[in-house]
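Since the structure comes first, as structure tokens, the remarks are kept for the end.
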Amino acid sequence: QDAGVAATKLAWWRKEAAAAFAGQPSHPAMKALMPHVQTYDIQLEHLNAVIEGCEMDLQQTRYLDFPGLARYCHLVAGIVGEVASGIFGRTQPQTVDYAHKLGLAMQLTNIIRDVGDDARRGRIYLPVNELQQFGVKAHEILLRSSPWGYSERFTALMQFQARRAHQFYDEALALLPDADRAAQKPGLMMANIYRALLVEIERENFQVLQQRISLTPVRKLWIAMKTNWRGR
């Protein structure tokens, strides 16, 4: 899609969100949302954050370092996690921190899974300074072919990315209060599915440049059922 058209649409949505929270929604989706914003603690700043994250995708295709990437993940995933936790039901303030960090963990998993797909679109979300740290050139990823793509350097880079994602999962789950664990089962199901995907990518030795590694629907269902039974 043309970037100019997309930017115009995002600007419209920003105005529509402001109008909706001022009591004058015009789009059917906003009209449907507004009766529930107080119940689920959905704020204008949440919608603006997601819009800002989408704008970042229009404005840049690389991130110099992890703090820059983390900012993007915060906008497109961390905020979404916070809002979702309110919809699922929460009683403890710490659950917001859990949900935010879990959103980041899942977005980092998406980035690892989609390296090849993103490269086809001219995007590399892996931080530039980390590519440099492991001696991986951007053009090697963009080529998406051997011998450049699947090098020991690339594998080491991806192992580093996976370790960080696992750390975010661990930190997120440690933050979830027991009082909210039952209500947050939908998020835990998603977390376990995404983490299983990350483990599968590791098992496939990060062969993500020419294929999109995924879990079967049956496996996802089984993971969700196990999470429901175990409550974690």
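Read in order, the letters of the sequence shown are residues 1 to 232 in full-length UniProt numbering. Don't be surprised by glycine CBs; every beta carbon is placed ideally from N, CA and C.
Secondary structure of residue i, DSSP reduced to three states
i       : result
Ile-193 : helix
Gly-23  : coil
Gln-38  : coil
Tyr-125 : coil
Ala-119 : helix
Thr-8   : helix
Arg-62  : coil
Asn-205 : coil
Gly-135 : coil
Contacting residues, own chain, Cβ-Cβ under 7 Å from residue i (five flanking each side not counted)
i       : result
Leu-176 : Thr-95, Tyr-98 and Gln-184
Val-83  : Ile-42 and His-46
Glu-204 : Ile-213
Trp-13  : Ile-51
Arg-153 : Phe-134, Gly-135 and Val-136
Ala-77  : Gly-103, Leu-104, Met-106 and Gln-107
Glu-202 : Ala-162
Leu-44  : Ala-17, Ala-18 and Phe-21
Ala-3   : Leu-58
Arg-195 : Tyr-169
Residue i: first and last residue of the uninterrupted alpha helix (DSSP H) it sits in
i       : result
Ile-223 : 217–230
Thr-155 : 152–175
Met-106 : 94–113
Ser-214 : Element bounds for Ser-214: n/a, residue is neither H nor E.
Pro-28  : 28–33
Val-80  : 79–88
His-139 : 138–143
Asp-2   : Per DSSP, Asp-2 belongs to no alpha helix (DSSP H) and is neither H nor E.
Ala-179 : 178–181
Cutoff 8 Å; reference residue i; Cβ partners in own chain excluding five residues on either side
i       : result
Ala-88  : The sequence shown places Phe at residue 88, not Ala. Around Phe-88: Ala-183, Gln-184, Lys-185, Pro-186 and Gly-187.
Val-208 : Ile-112, Arg-113, Asp-114, Val-115, Gly-116, Met-158 and Ile-201
Ala-165 : Ala-105, Leu-108, Thr-109, Ile-112 and Leu-198
Trp-222 : none
Residues near residue i by beta carbon distance below 6 Å, same chain, minus five either side
i           : result
Ala-29      : none
Gly-81      : Ala-99, His-100, Leu-102 and Gly-103
Ser-20      : Ser is not the amino acid found at residue 20; the sequence shown has Ala there. Result list for Ala-20: Met-30 and Met-34, in chain order.
residue 241 : An answer regarding residue 241 cannot be provided, because it is not within the stretch 1 to 232 covered by the chain.
Thr-227     : Leu-188, Met-189 and Asn-192
Cys-54      : Leu-10
Practice item. Report yes or no: do three or more beta-carbon pairs, one from the stretch 122–140 and one from the stretch 59–67, lie closer than 8 Å? Key: yes
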